[in-house]
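S.K.:
2 protein chains.
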Amino acid sequence: MDIVYLNGHFVPRDKAMISPDDRGFVFGDSVYEVMRWYGGFFFDMDGHMNRLRRSLHETRIVWNDIDTFADLAEELVNKNDLGNDCSLVYVQVTRGAAPRNHVFPDPAVSPTVFASARRQSVDTLLWERGIAIAVAPDPRWNRCDIKSTALLANIMSLQEAHDNGFMEVCFVRDGFITEGAHSNIFLVRNDTVYTHPESNFILSGITRKNVISLAAENGIGLAEERVAADIIPYIREAFITNTSGEVIPVIRIGDQILGDGTPGDITRKIHVLFRDKVMAGSPVH
Amino acid sequence: MDIVYLNGHFVPRDKAMISPDDRGFVFGDSVYEVMRWYGGFFFDMDGHMNRLRRSLHETRIVWNDIDTFADLAEELVNKNDLGNDCSLVYVQVTRGAAPRNHVFPDPAVSPTVFASARRQSVDTLLWERGIAIAVAPDPRWNRCDIKSTALLANIMSLQEAHDNGFMEVCFVRDGFITEGAHSNIFLVRNDTVYTHPESNFILSGITRKNVISLAAENGIGLAEERVAADIIPYIREAFITNTSGEVIPVIRIGDQILGDGTPGDITRKIHVLFRDKVMAGSPVH
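Top line first, the protein sequences correspond to chains A and B. When we follow this note's numbering, the leftmost residue of the first sequence carries the number 1, and every step to the right adds one. When we follow this note's numbering, the leftmost residue of the second sequence carries the number 286, and every step to the right adds one.
#1: Compare the beta carbon distance of B:H481 and B:I497 with 9 Å and say whether it is the shorter of the two.
#2: Taking 9 Å as the CB-CB limit, is B:V394 close to chain A?
#3: Identify which residue in A:G39, A:G180, A:A223 and A:D145 has its Cα closest to the Cα of A:E75.
#4: Hey, out of A:I231, A:G221 and A:R36, whose CA is closest to A:F176's CA?
#5: Given that A:Y38 touches chain B, what residues does it touch there, using C-beta distances under 7 Å?
#6: So what does DSSP say about A:L56, is it helix, strand or coil?
#7: B:Q377 and B:T434: beta carbons closer than 9 Å?
#8: I'd like to know if B:S498 contacts chain A, where contact means its C-beta is closer than 9 Å to some C-beta of that chain.
#9: Using the DSSP secondary-structure output, state which residues sit across from B:S401 in a beta bridge.
#10: Name the DSSP beta bridge partners of A:R252, please?
#11: If we ignore side chains and look at the alpha-carbon of each, how far apart do A:V103 and B:L443 end up?
#12: Can you tell me whether A:E33 is buried or exposed? The criterion is at least 16 other CB atoms within 10 Å of its CB, across all chains shown.
#13: Please tell me whether A:G205 and B:L437 are closer than 9 Å, where the distance is taken between their beta carbons.
#14: In chain A, which residues lie with their C-beta within 9 Å of the C-beta of B:H387?
#15: Residues of chain B with a CB under 7 Å from the CB of A:N142: which are they?
#16: Consider the Cβ of B:T344: report whether some Cβ of chain A lies at a distance smaller than 9 Å.
#17: Under a three-way DSSP split, which group does A:M156 fall into?
#18: Just to confirm, is the Cβ distance from B:M452 to B:A417 under 9 Å?
#19: What are the boundary residues of the beta strand (DSSP E) that includes B:M564?
#20: Of the choices B:V374, B:T344 and B:D370, whose alpha-carbon is the least far from that of B:F354?
#21: Using the beta-carbon of each residue, which ones in chain B are nearer than 9 Å to A:G27?
#22: What do you reckon, are the CB atoms on A:G180 and A:V169 nearer than 9 Å?
#23: Would you please verify whether the beta carbon of A:R118 is less than 9 Å from any beta carbon of chain B?
#24: Would you kindly check if the distance between the Cβ of B:I303 and the Cβ of A:P12 is under 9 Å?
#25: Going by C-alpha to C-alpha distance, which of B:A301, B:A446, B:V420 and B:T526 sits closest to B:H556?
#26: Between A:V4 and chain B, is the shortest Cβ-Cβ distance under 9 Å, so that the two count as touching?
#27: At a CB-CB cut-off below 8 Å, which residues of chain A make contact with B:D307?
#28: Using a cut-off of 7 Å between C-beta atoms, extract the partners of B:F399 located in chain A.
#29: Are the C-beta atoms of B:P297 and some chain A residue less than 9 Å apart?
#30: What residue range is occupied by the uninterrupted alpha helix (DSSP H) comprising B:A501?
#31: Alpha carbon to alpha carbon, how far is B:H447 from B:V398? Give it in angstroms, no decimals.
#32: Since B:V532 and B:T552 are thought to touch, with beta carbons under 8 Å apart, how far apart are those beta carbons, to the nearest angstrom?
#33: Does the distance from the CB of A:A223 to the CB of A:V193 come in under 9 Å?
#34: Helix, strand or coil for B:P568? Go by DSSP, reduced to three states.
#35: So, B:P534 versus B:G415, is the Cβ gap smaller than 9 Å?
#36: Using the beta-carbon count (16 or more within 10 Å), is A:N210 buried or exposed?
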């Protein structure tokens, strides 16, 4: 049985219905998070909740019960018998349902809160083999720091990359690499790992933040600096990060094979550190 | 009774429910149109249908029954007893419902088609008084030519303008005026009307196209040329166009009062021509 959460109730997925007047449906007027449950605990739930608070604040969507969500997410996992499984929990908060009008409903309506859980292991084959990523102009708006569901730009770019045999796309804005359609990007040059600094042009990834901390704690050189796309030919190693995939080696960017075409040493080292940190979370729960 | 159309059925609005797995809800992966019913006929239904076809093509959403929609829209109007009323019909087509995954469902799923109608006259007071519009950087993606529901950028910008007492926002990209959050913008200088040419940075408005044709047919100078934002102080007259408002005079842009602060002569002339064209459509039906 697939049980989801909708506005205070746990219901079977096929009974959870959204109004066609919901602003999440009509306007993409909503924000979301995806958290990973490691068969007993969530990784960095605080990080996800803080980012969700920020997305809500920036979009001025008010969800007063956000503090209850961490417990609710665990309840959702358990109701779906996923307590011991590697799973993803999705939560989406919209501005609510109201007659269609671009400006916010006045008076405000209750937000729509939807959450679901599904069994999904990390794809470890990708860790071993690495992936190829495309390069494309960044087509998105100027508030990529908000984790909003208005994702058509990401969808279209990723699909085009997918059609060409790539598993992610490396966006380039004003000549600089920003991030992927659903991941952050790290590039290694001369033993230093580079990633785009936090700004309105990237999402502040939870895995990204943890990787940055781990690098600092373990003497790995890492700089939050923009990298120009035209230095891709000089990149020997790269990886992407996100909640569903953790740290995934990149072995090719567009036509450019990186190094010897296998996952890089620094990438592997960082991923081991990340796995260790994840598993260290286990007893906390 | 408020009757809507959803996937082949006419149902009461409160019975029309969207799956939380719908990609329109989860990703803003959908397109839409809003058409005006003038108590007996739709204005330029062909224009709306052609634009919807284009939006579907560009997003690769397949809706095989689009040719049936014009009749269906009229049926919807009649079922809501709006046959003689000025009304708006809204139609939204999403890529359909599927487990959440950024790439397109493979095999494809049926699109979700939702349509609704509501009584809504044109606000003629705005024609008489004109409106003030804000100026703001264009925060949107680079495919504004697609009429997609991933509208959070438009929503946030318009709300901010609204909070400051403006009824629309004039977007500026790379120093040039593009359009509004939900309208096209026309600026008059030295008796010539300027509007941004069709490109990926504006939506090709149905009212906009008709205004351009009318200007040509009636000897009004109109140029589809970009206007730099820094010439706003030299603008004496402006107006915006969209389906819900037709031709609305702009009397102030940001702090800048245009001319004597009343609707301009060319604006009024164009609006009369537009109204005549609309009403000429009446007998066709």
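Backbone N, C-alpha and C fix where the C-beta goes; we use that ideal spot for every residue, glycine too.
M.R.: Based on what the coordinates show:
#1: no
#2: no
#3: A:G39
#4: A:I231
#5: Residues of chain B passing the Cβ test: none, with the nearest at roughly 20 Å.
#6: helix
#7: yes
#8: no
#9: B:Y375
#10: A:A132 and A:I257
#11: Computed Cα separation, rounded: 7 Å.
#12: buried
#13: no
#14: L151, N154, I155, L158, Q159, H162, A181 and H182
#15: Chain B residues near A:N142: P424.
#16: yes
#17: helix
#18: yes
#19: That residue, B:M564, is in no beta strand (DSSP E); its alpha helix (DSSP H) goes D550 to A565.
#20: B:V374
#21: Looking at the sequence provided, one finds Phe at residue 27 of chain A rather than Gly. Per Cβ cutoff of 9 Å: G313, T434, A435, L436, L437, N439 and I440.
#22: In this structure, A:G180 places its C-beta atom within 9 Å of the C-beta atom of A:V169.
#23: yes
#24: no
#25: B:T526
#26: yes
#27: Neighbours of B:D307 on chain A, chain order: I18 and F25.
#28: P20
#29: No, its Cβ sits nowhere closer than 9 Å to a Cβ of chain A.
#30: I491 to E502
#31: As the crow flies, the alpha-carbon of B:V398 is around 31 Å from that of B:H447.
#32: 7 Å
#33: yes
#34: Any reading at B:P568 needs caution, since the residue's pLDDT is 48, under 50, leaving its predicted position unreliable; the model's value is listed next. Coil at B:P568, not helix or strand.
#35: yes
#36: buried
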